[in-house]
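2 protein chains.
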Amino acid sequence: MSLRYALLGLLADEPASGYDLARTFEISLQRWAWHARHSQIYPELNKLADEGLIDVVDEGARGRRTYAITDSGRTELREWLIHPPTAPLVRNESVLRLFLLNTLDTADRKVLLRGYQREASEAGADIENIIERFDLQPDSDNQPWFGRLAAEYGRRTYAAQLAWSTWAQDQLQAWEQDHPRT
Amino acid sequence: MSLRYALLGLLADEPASGYDLARTFEISLQRWAWHARHSQIYPELNKLADEGLIDVVDEGARGRRTYAITDSGRTELREWLIHPPTAPLVRNESVLRLFLLNTLDTADRKVLLRGYQREASEAGADIENIIERFDLQPDSDNQPWFGRLAAEYGRRTYAAQLAWSTWAQDQLQAWEQDHPRT
DNA sequence: ACCCGCATGTAAGCCGTTACATGATTTC
DNA sequence: GAAATCATGTAACGGCTTACATGCGGGT
Numbered sequence: 001m002s003l004r005y006a007l008l009g010l011l012a013d014e015p016a017s018g019y020d021l022a023r024t025f026e027i028s029l030q031r032w033a034w035h036a037r038h039s040q041i042y043p044e045l046n047k048l049a050d051e052g053l054i055d056v057v058d059e060g061a062r063g064r065r066t067y068a069i070t071d072s073g074r075t076e077l078r079e080w081l082i083h084p085p086t087a088p089l090v091r092n093e094s095v096l097r098l099f100l101l102n103t104l105d106t107a108d109r110k111v112l113l114r115g116y117q118r119e120a121s122e123a124g125a126d127i128e129n130i131i132e133r134f135d136l137q138p139d140s141d142n143q144p145w146f147g148r149l150a151a152e153y154g155r156r157t158y159a160a161q162l163a164w165s166t167w168a169q170d171q172l173q174a175w176e177q178d179h180p181r182t
Numbered sequence: 001m002s003l004r005y006a007l008l009g010l011l012a013d014e015p016a017s018g019y020d021l022a023r024t025f026e027i028s029l030q031r032w033a034w035h036a037r038h039s040q041i042y043p044e045l046n047k048l049a050d051e052g053l054i055d056v057v058d059e060g061a062r063g064r065r066t067y068a069i070t071d072s073g074r075t076e077l078r079e080w081l082i083h084p085p086t087a088p089l090v091r092n093e094s095v096l097r098l099f100l101l102n103t104l105d106t107a108d109r110k111v112l113l114r115g116y117q118r119e120a121s122e123a124g125a126d127i128e129n130i131i132e133r134f135d136l137q138p139d140s141d142n143q144p145w146f147g148r149l150a151a152e153y154g155r156r157t158y159a160a161q162l163a164w165s166t167w168a169q170d171q172l173q174a175w176e177q178d179h180p181r182t
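First to last, the sequence lines map onto chains U and B. Reminder that position 146 of the first sequence reads as 146 in UniProt numbering, one-by-one numbering, no gaps. Reminder that position 125 of the second sequence reads as 125 in UniProt numbering, one-by-one numbering, no gaps.
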């Protein structure tokens with residue numbers, strides 16, 4: 001049920017078409033927060049429109065429909081946002097792999113830890129670029145400022161992952177020297 | 001498709017029944033890595049057994065069946081572990097909420113940021129306890145040591161979230177003083 | 001004897017993925 | 001005129017949730 005709120009949230013920022021929303025997911029959401037394909041987005045938009053939570057505000061070339069959030073859409077989005085579950089359940093394949101690292105032998109473990117390190121440093125670099133762009137823009141009085149909050153979250157998360165993967169490799173190295181012949 | 005590997009991974013550590021596995025998900029996996037209910041676990045175990053990836057090694061009271069991973073199960077688990085997707089897609093409701101923070105007004109934002117802070121400090125405290133227990137145990141030569149890796153990952157992740165939520169609240173405070181009357 | 005926790009299961013329905021399908025507009 | 005991109009849709013199938021369902025065993 002989160003998809004509908006992701007869509008409402010994006011439309012609360014600015015009106016967009018299904019195609020626009022699919023691209024936003026792909027570019028800025030799917031790596032950190034949520035992902036969805038167009039085959040799921042279009043039907044959900046139609047449902048939201050039926051329920052009066054969004055409206056078609058423009059029709060363009062190639063059947064393009066631009067949607068905007070309505071007042072009742074905004075109310076429903078706020079309801080969802082201010083009532084977070086007390087203990088959110090998680091599904092994160094990367095972290096699952098990490099938990100299962102101990103089932104591998106030392107050689108395999110090393111390869112995977114290097115992978116985590118590389119992933120974290122690449123994602124970290126990407127986000128530094130995004131933040132740089134934010135910081136170059138003059139402090140506008142309004143919205144865009146808050147995108148920095150999410151970006152900063154990503155920065156700190158990946159920095160932690162990078163530090164962890166380095167630490168883990170050191171630990172493994174030390175353990176190996178203490179226990180020759182595994 | 002990750003559930004089957006989560007099960008194989010847990011059984012690679014030690015034999016367990018469906019009931020045991022459901023409890024393990026609940027207690028140590030669902031907050032960080034993966035969650036699944038018994039109604040999904042039991043059918044999947046039967047499928048894994050049919051495919052010869054796990055075996056029933058014991059039958060106890062109340063119809064309890066204890067499973068152990070087989071050699072081909074181990075092979076399949078390893079295959080999955082050492083071929084991680086290049087860009088893992090994420091679905092994390094907490095982070096999604098965080099991305100949508102900008103759609104709320106200042107008062108609501110404050111409440112939510114305090115919530116993130118509280119959640120991070122509670123989860124952080126939980127994990128400190130787990131780590132303490134690890135560190136009290138003498139360095140055994142074998143497996144249990146590696147559980148520390150995952151715990152350390154959690155520790156650093158929550159520390160980052162805690163630091164972020166504090167920083168975000170400070171930013172918001174400063175912004176509010178610069179922009180009276182929102 | 002009763003209750004709680006152990007232990008496993010099934011079915012309906014929703015959410016999400018993959019694949020199929022179609023056509024218009026812009027760009028080169 | 002061809003190719004790339006814009007733009008929306010449907011259908012089959014698999015993953016996951018919620019609810020329903022059943023019974024045994026151990027502790028008091």
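Idealized CB from N, CA, C, for every residue including glycine.
Check, Outcome
"Please list the partners that residue 215 of chain U has in chain B, where partner means a Cβ-to-Cβ separation under 9 Å.", "Residue 215 of chain U lies beyond the stretch modelled for chain U, which goes from 1 to 182, so this question has no answer here."
"Would B:R23 pass as an interface residue toward chain U - the criterion being a Cβ-Cβ separation below 8 Å?", "no"
"Going by Cα to Cα distance, which pick from B:W80, B:G63 and B:D55 is closest to B:D71?", "B:D55"
"Can you tell me whether DSSP reads U:A125 as helix, strand or coil?", "helix"
"Less than 8 Å between the CB atoms is what I'm expecting for U:P88 and B:E93, so what's the real figure, rounded?", "6 Å"
"Say whether chain B places a C-beta atom closer than 8 Å to the C-beta of U:P15.", "no"
"On the three-state DSSP scale, how would you describe U:A87?", "coil"
"With a threshold of 8 Å on Cβ separation, who are the neighbours of U:T24 within its own chain once the five nearest residues in sequence on each side are excluded?", "L10 and A16"
"At the level of alpha carbons, what is the spacing between residue 202 of chain B and B:R65?", "A question about residue 202 of chain B goes unanswered here, because the residues of chain B that appear run from 1 up to 182."
"Does DSSP put B:T70 in a helix, a strand or coil?", "coil"
"At a CB-CB cut-off below 7 Å, which residues of chain B make contact with U:Y153?", "L98 and W164"
"Which class does U:A16 belong to by DSSP, given the choice of helix, strand or coil?", "strand"
"Could you pull the DSSP bridge partners for B:I54 from this structure?", "B:I69"
"Can you have a look at B:Q161 and say buried or exposed, based on whether 16 or more other CB atoms are within 10 angstroms of its CB?", "buried"
"Just curious, the alpha helix (DSSP H) that U:R155 is in, first and last residue?", "G147 to D178"
"Give me the Cβ distance between U:Y116 and U:S39, rounded to the nearest whole Å; I'm assuming they're in contact under 8 Å.", "In fact, because the Cβ distance is near 31 Å, the residues do not count as touching under 8 Å."
"Examine chain U for any beta-carbon lying closer than 8 Å to the beta-carbon of B:I27, and answer yes or no.", "no"
"Which residue or residues does DSSP assign as beta-bridge partners of U:E59?", "U:R65"
"Please compile the residues from chain B whose C-beta is within a distance smaller than 8 Å of the C-beta of U:H83.", "What U:H83 touches in chain B: nothing, since even the nearest Cβ is about 10 Å away."
"In chain B, what lies closer than 7 Å to U:R156 by C-beta?", "A160, A163 and W164"
"So, U:R78 versus B:L104, is the Cβ gap smaller than 8 Å?", "yes"
"For B:L100 and B:Q169, which I take to be in contact (beta-carbon distance under 8 Å), what is that distance rounded to the nearest angstrom?", "That pair is no contact at about 17 Å."
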